[in-house]
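In our numbering, the protein residues as written are 310 to 840.
Here is the structure:
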């Protein structure tokens, strides 16, 4: 009975074998690809895939400096600061920046007016609103369709929409509604990415060391941001259209790689799990798990979990709302950090637009460290909520220190930016990967991995609503005060931590009960977070 049920689920989840793999098998008939080789292939392809997604997503934040003539905050600095001698590579004097702004690069209508930051905030809102809206549907569709084909269409569509935004430069387009429409389409196409890649990785890996593996794998977010920043900054001097065109071609190429080579699941390529992997996988699906809050009835379903039912899975709503505020902070940095750096006099000097974009990548370097560290700590402690909450609370003083002392010197700015990146990105990476997979594959779902993309979409989709609000508010608030922007970010981080309070208490209670049980019995009881 159990075997037939597993076979039925495998049949449901089976996707067509990628043509590239079929071709390799055809020319090398004697070669049997091991399960580990498929796992490495999946990690590599999905890593590069989502890095390309983020490279295209990062580009607008770098191009902002070329589109805006003079933001009000920057205008005040230009008119009141004394000139500094021009430095090679990194620094331009305030006078040089004013001359460059007025005679070389006058911005790009409709973004170069006094309300330029507000208009760009609206563009960001359009993208992220359609991204979060599409995320909910993309997750459910991803559970029903061939993820390889679904992801390919999303990547090619993302490449096309990114390229069309860049065409605005070459075709001399100045219509606000043109750029607005393009970003709406880009948001819909980009929403296919995250639920799909997480579901694919979840199909190939069990719970063992999931936090560490996902922390390392989730570095694609920061690597993509860094890559997008460096490419966009380097190409600005050739015209901002190229800053969009190159990332567009990159993600389109990776879309073809996904179509040709990505194995969606072991069943899709007829791969046999290694003995240890199979044992770990079956154990993670067979263990009896308690609800995340330590009470309540189990949700048992034979079929793929629906959208409403997925919201009722213990822990999903709490983590989704936490990510709402956490992602608000992350995406405000993603979209506005280069512009903030260019508006800030670091040790009395202003960075060039290119240098500001390059310097902003250090936030993402900290993000890589934060994601790996959060995943490793959560694995060692077996406590996702405690780890996430700790990082969120630590981000509050980090944000305060960066705003207060980041302009003191370039060295201090770099150090504080790295620290802020660690604590801001750590919980974001943990919740969107290891936690989402834990929740989407827990025992209460009867081991049905078809819920994975839906749960992932709910958590990241809700987070993306916050991601849309943060940059929009920043566009309005930054024109008045950057102090107010950072106050908003610190408040959001505080609320994110408080939303995890019940889960943190549940984990602490579970640890206490576990310690007491171990003192009285050699049999280890299941913990609140086991799946």
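Every residue, glycine too, gets a C-beta built ideally from N, C-alpha and C.
Residue 440 holds the alpha-carbon nearest to the alpha-carbon of residue 502 among 430, 622, 630, 440. Within the model, the alpha-carbon separation for residue 544 versus residue 550 is close to 9 Å.
Under the 10 Å beta carbon count, residue 579 is surrounded by fewer than 16 other beta carbons and is classified as exposed. With a 10 Å radius around the Cβ and a threshold of 16 neighbouring Cβ atoms, residue 349 comes out exposed. In the DSSP assignment, residue 441 falls within the alpha helix (DSSP H) that extends over 425-453.
At a Cβ-Cβ threshold of 7 Å, residue 808 and residue 559 do not count as neighbours.
Within the same chain, and ignoring the five residues on either side of residue 786 in sequence, the residues whose Cβ sits closer than 6 Å to its Cβ are 793, 794. Residue 640 is positioned such that its CB atom lies closer than 7 Å to that of residue 776. Contact between the stretch 711-725 and the stretch 687-696 is absent, with fewer than three C-beta pairs closer than 8 Å.
Cβ-Cβ distances below 7 Å link residue 494 to 470 in the same chain, with the five nearest sequence neighbours on each side left out; the list follows chain order. Taken in chain order, the complete beta strand (DSSP E) segments of 3 or more residues contained in the stretch 769-794 number zero; there are none.
In this structure, residue 743 sits near residue 684, with a CB-CB distance shorter than 7 Å. In terms of CA proximity to residue 623, 745 leads the group 554, 745, 672. Annotation: the continuous alpha helix (DSSP H) that includes residue 701 extends over 693-714.
For residue 475, the uninterrupted alpha helix (DSSP H) run begins and ends at 456-479, by DSSP.
In the structure shown, residue 658 adopts extended strand secondary structure according to DSSP, grouped into three states. The stretch 324-371 is shown to contain whole alpha helix (DSSP H) runs of 4 or more residues at 328-336, in chain order. Restricting attention to beta strand (DSSP E) runs no shorter than 3 residues, the stretch 539-572 encloses none. For residue 817, the secondary structure class from DSSP, reduced to helix, strand or coil, is helix. In this structure, DSSP gives residue 719 a helical state, which the three-state scheme calls helix. Where residue 740 is concerned, there is no enclosing alpha helix (DSSP H), because DSSP gives it neither an H nor an E. Shortest Cα-Cα distance from residue 362 to any of 816, 496, 433 involves 496. Inter-segment contact for the stretch 521-539 and the stretch 457-473 is absent: fewer than three beta-carbon pairs are separated by less than 8 Å.
Collapsing the DSSP output to three states places residue 420 in coil.
Counting other Cβ atoms within 10 Å of its Cβ, residue 636 reaches 16 or more and is therefore classed as buried.
In this structure residue 797 is not in contact with residue 781, their Cβ atoms being roughly 11 Å apart against a cut-off of 8 Å. Close CB contacts of residue 504 within its chain, under the 6 Å cut and outside five residues either way in sequence, are with 447, 448, 451, 762, 765, 766 (chain order).
Three or more beta-carbon pairs drawn from the stretch 707-717 and the stretch 645-662 are found closer than 8 Å, and the two stretches are therefore classed as touching. By the neighbour-count criterion, in which a residue is buried when 16 or more other Cβ atoms sit within 10 angstroms of its Cβ, residue 499 is buried. At a Cβ-Cβ threshold of 7 Å, residue 358 and residue 506 count as neighbours. Between residue 542 and residue 667, the C-beta spacing is below 7 Å.
Rounded to whole angstroms, residue 483 and residue 491 show a C-alpha spacing of 13 Å.
Rounded to whole angstroms, the gap between the alpha carbons of residue 698 and residue 548 is 43 Å. Going by beta carbons, residue 538 and residue 373 fall outside the 7 Å limit. Residue burial is scored here from C-beta neighbours: residue 435 has at least 16 other C-beta atoms within 10 angstroms and is therefore classed as buried. The continuous stretches of alpha helix (DSSP H) do not include residue 623, and DSSP gives it neither H nor E.
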